[in-house]
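*Asks:* Before anything else, here's the structure in question.
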Amino acid sequence: DGYIDPRFTFENFIVGSGNEFCHAAAQAVAEKPGAIYNPLYLYGGVGLGKTHLINAVANALISKNNYRIAYRTGERFTNELIQAIRNGSTDNFRNQYRQVDVLIIDDIQFIAGKDRTQEEFFHTFNALYEIKKQIILTSDRSPRDLTNLMERLRSRFNWGLVADIQPPDLETRLAILSSKAELAGVHMDRDVANLLATRITNNVRELEGALTRLTAHATLTGRTIDVTFARHVLRDLLHEEIRAISVEDIQKQIAAYYNINIREMSSSKRSRTVAFPRQVAMYACKELTTMSLPEIGARFGGKDHTTILYAVRKIAKMRDEDEDFDEEVSRIIAQLRR
Ligand code: ADP
Ligand code: MG
25 DGYIDPRFTF
35 ENFIVGSGNE
45 FCHAAAQAVA
55 EKPGAIYNPL
65 YLYGGVGLGK
75 THLINAVANA
85 LISKNNYRIA
95 YRTGERFTNE
105 LIQAIRNGST
115 DNFRNQYRQV
125 DVLIIDDIQF
135 IAGKDRTQEE
145 FFHTFNALYE
155 IKKQIILTSD
165 RSPRDLTNLM
175 ERLRSRFNWG
185 LVADIQPPDL
195 ETRLAILSSK
205 AELAGVHMDR
215 DVANLLATRI
225 TNNVRELEGA
235 LTRLTAHATL
245 TGRTIDVTFA
255 RHVLRDLLHE
265 EIRAISVEDI
275 QKQIAAYYNI
285 NIREMSSSKR
295 SRTVAFPRQV
305 AMYACKELTT
315 MSLPEIGARF
325 GGKDHTTILY
335 AVRKIAKMRD
345 EDEDFDEEVS
355 RIIAQLRR
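In structure tokens:
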């Protein structure tokens with residue numbers, strides 16, 4: 025922790041909605057450190073790839089040139105300073121940081137509220153910035169939302185490029201999963217991938233954790249990873265979703281919401297006025313029950329599992345792309361959970 029990790033590279037970073045801007049910014053900085061976006065400030069929720077991206081920059085720079093890179097977490101930077109003060113070696117501390125080409129601080133939010141550390145960082149920042157050395161910072165919050173941060177620092181954090189990283193959409197989650205599964209050398213069928221990607225939605229680290237657990241269980245028990253197995257192994261993770269909501273409830277409420285007859289849920293009519301609510305209901309079944317795609321299909325008048333998968337993906341994609349619709353579906357789901 026707090027050191028450059030050679031496993032985090034651009035090659036194994038999956039680009040998709042949510043992270044493409046940060047990814048492009050990181051690549052641009054890796055191409056020409058100090059030249060364009062200085063500082064580069066990446067922020068966003070936990071487990072979304074910030075640490076991965078800044079390590080990718082560091083690794084790219086290492087492989088390309090003899091760049092001198094100081095990579096620290098905000099915490100380690102703080103601890104080093106405390107040590108230096110204790111040992112009376114603050115001059116060393118300073119010099120060490122002022123001789124680098126690239127300074128990377130992960131989780132800079134850690135120094136907020138720590139006056140001496142902020143003061144020290146402020147001077148380091150200025151010294152490096154003046155001679156056009158690259159500074160890269162990550163945080164869980166935007167500069168504006170970092171309370172307890174010195175105004176002078178806040179303003180400097182905004183001097184370069186501030187980019188936020190968002191949770192990946194369904195397609196990106198599926199792509200990340202399949203890439204990680206391939207790296208781990210495990211086979212995961214579509215239903216399992218879909219189960220994980222539709223249930224674990226806002227954190228790549230958790231997605232990875234789920235895959236790791238599945239892999240370990242499969243290896244240790246010699247079983248293949250199918251949906252039933254995945255549900256069992258990950259029951260605590262998926263627990264939140266496992267509630268006794270019946271398909272009938274879902275169909276009834278969604279039919280009422282969209283003003284259609286509940287019988288249309290199982291019909292094969294394709295007109296949009298009924299097909300669309302039906303797809304929303306299929307999506308809700310996947311979200312709110314533990315049923316498999318074929319099981320859900322059976323409850324919608326014997327539809328094929330691919331029809332359900334199509335609906336689930338379509339609605340998820342629409343939610344990603346249309347904020348109003350996303351809110352609408354959230355409301356429907358929240359109501360069903362009540
Ligand atoms: P953060 O620093 O934003 O909390 P991390 O960079 O530590 O998140 O990412 C958590 C885990 O998820 C890491 O193992 C990382 O490799 C992985 N990860 C996150 N986003 C991606 C992505 N787009 N492609 C591949 N792996 C990713
Ligand atoms: Mg991190």
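The numbering of the sequence shown is the working numbering, which starts it at 25 and goes up by one.
Where a beta carbon is used, it is the ideal one built from N, C-alpha and C, also for glycine.
Values in this document were obtained by computation on a predicted structure and should not be read as measured data.
Where does T162 sit, in a helix, a strand or coil, going by DSSP?
*Replies:* The answer is strand: DSSP assigns T162 an E or B state.
*Asks:* With a cut-off of 8 Å on the beta carbons, I'd call G26 and Q158 a contact; round off their distance for me.
*Replies:* Going by Cβ atoms, the distance from G26 to Q158 rounds to 19 Å, so no, they are not a contact pair.
*Asks:* In this structure, how does DSSP classify R214 when only helix, strand and coil are distinguished?
*Replies:* R214 falls in the helix class under three-state DSSP.
*Asks:* Shorter than 7 Å, the distance from the beta carbon of R229 to the closest heavy atom of ligand 1, or not?
*Replies:* For ligand 1, at least one heavy atom lies less than 7 Å from the Cβ of R229.
*Asks:* What does DSSP give as the partner residue(s) for Y95 in the beta ladder?
*Replies:* In DSSP, Y95 forms a bridge with I128.
*Asks:* Exposed or buried, what is R323 when buried is set at 16 or more other beta-carbons lying within 10 Å of its beta-carbon?
*Replies:* The residue is buried, with at least 16 neighbouring Cβ atoms inside 10 Å.
*Asks:* T330 to F101, Cα distance in whole Å?
*Replies:* In a straight line, the C-alpha of T330 is about 52 Å away from that of F101.
*Asks:* Near L201, what residues of its chain come up, given a Cβ to Cβ distance below 8 Å and the 5 sequence neighbours on each side ignored?
*Replies:* Result list for L201: M212, A217, L220, A221, L231, L235, in chain order.
*Asks:* Sorted by chain position, which residues of the same chain lie with C-beta nearer than 6 Å to I332's C-beta, five sequence neighbours on each side aside?
*Replies:* Cβ within range, chain order: M306, L317, I320, G321.
*Asks:* Going by DSSP, what residue range makes up the alpha helix (DSSP H) through A254?
*Replies:* It spans 251-257 - the alpha helix (DSSP H) in which A254 sits, taken as one unbroken run.
*Asks:* Roughly how many angstroms separate the alpha carbons of V237 and G69, rounded to a whole number?
*Replies:* Note that residue 237 corresponds to Arg in the displayed sequence, not to Val. So the alpha carbons of these two residues sit roughly 23 Å apart.
*Asks:* With a threshold of 16 other CB atoms inside 10 Å of the CB of T245, please say whether the residue is buried or exposed.
*Replies:* By the 10 Å Cβ count, T245 comes out exposed.
*Asks:* When the Cβ atoms of the region 84-104 are set against those of the region 120-128, are three or more pairs found closer than 8 Å?
*Replies:* Segments in contact, yes.
*Asks:* Hey, is V210 close to ligand 1, as in C-beta under 7 Å from one of its heavy atoms?
*Replies:* No, ligand 1 has no heavy atom inside 7 Å of this Cβ.
*Asks:* Exposed or buried, which one is K204 when buried takes at least 16 other CB atoms within 10 Å?
*Replies:* With 16 or more other Cβ atoms within 10 Å, it is buried.
*Asks:* Give a single yes or no on whether K88 has its beta carbon closer than 7 Å to a heavy atom of ligand 2.
*Replies:* Flag unset: Cβ of K88 not near ligand 2.
*Asks:* Would F45 and A187 be called neighbours here (beta carbons separated by less than 8 Å)?
*Replies:* Yes. Within cutoff.
*Asks:* Here's a check: name, in chain order, each residue in its chain whose Cβ is nearer than 7 Å to the Cβ of I266, leaving out the five neighbours to either side.
*Replies:* The predicted model places I266 with a pLDDT of 49, which falls under 50 and marks its position as unreliable; any figure quoted below should be read in that light. Excluding residues within five positions, the ones whose Cβ falls inside 7 Å are T314.
*Asks:* Measuring only the C-alpha atoms, how far is Q133 from A299?
*Replies:* Cα-Cα distance, rounded: 48 Å.
*Asks:* Determine the direct distance from the alpha carbon of R180 to that of R140, and round the result to whole angstroms.
*Replies:* Their Cα atoms are separated by approximately 17 Å.
*Asks:* Considering only DSSP beta bridges, list what G68 is partnered with.
*Replies:* Bridge partners of G68: I189.
*Asks:* Out of E35, R361, V39, which one is the CA nearest neighbour of L198?
*Replies:* Checking every option, the nearest Cα to that of L198 belongs to V39.
*Asks:* Count the other C-beta atoms from every protein chain shown that fall within 10 angstroms of the C-beta of L152, then say buried if there are 16 or more, exposed otherwise.
*Replies:* The residue in question, L152, is buried, as its Cβ has 16 or more Cβ neighbours within 10 Å.
*Asks:* For S290, which residues from the same chain have a beta carbon less than 7 Å from its beta carbon, with the 5 sequence-adjacent residues on both sides left out?
*Replies:* Taken in chain order, the residues that qualify are F324, G325.
*Asks:* Can you tell which of A108, R255, R296 has the C-alpha that lies nearest to the C-alpha of A335?
*Replies:* Closest by alpha carbon: R296.
*Asks:* Looking only at its chain, what residues have a beta carbon closer than 6 Å to the beta carbon of K156, apart from the 5 residues adjacent to it on each side?
*Replies:* So the list reads G58, once near-sequence residues are dropped.
*Asks:* Just the C-alpha distance for T51 and R337, rounded to the nearest angstrom, thanks.
*Replies:* First, the residue type needs correcting, since residue 51 is Gln and not Thr in the sequence shown. Answer to the nearest angstrom: the Cα atoms are 30 Å apart.
*Asks:* Can you name the start and end residues of the alpha helix (DSSP H) that P22 belongs to?
*Replies:* The structure shown has nothing for residue 22, since the chain only spans 25 to 362.
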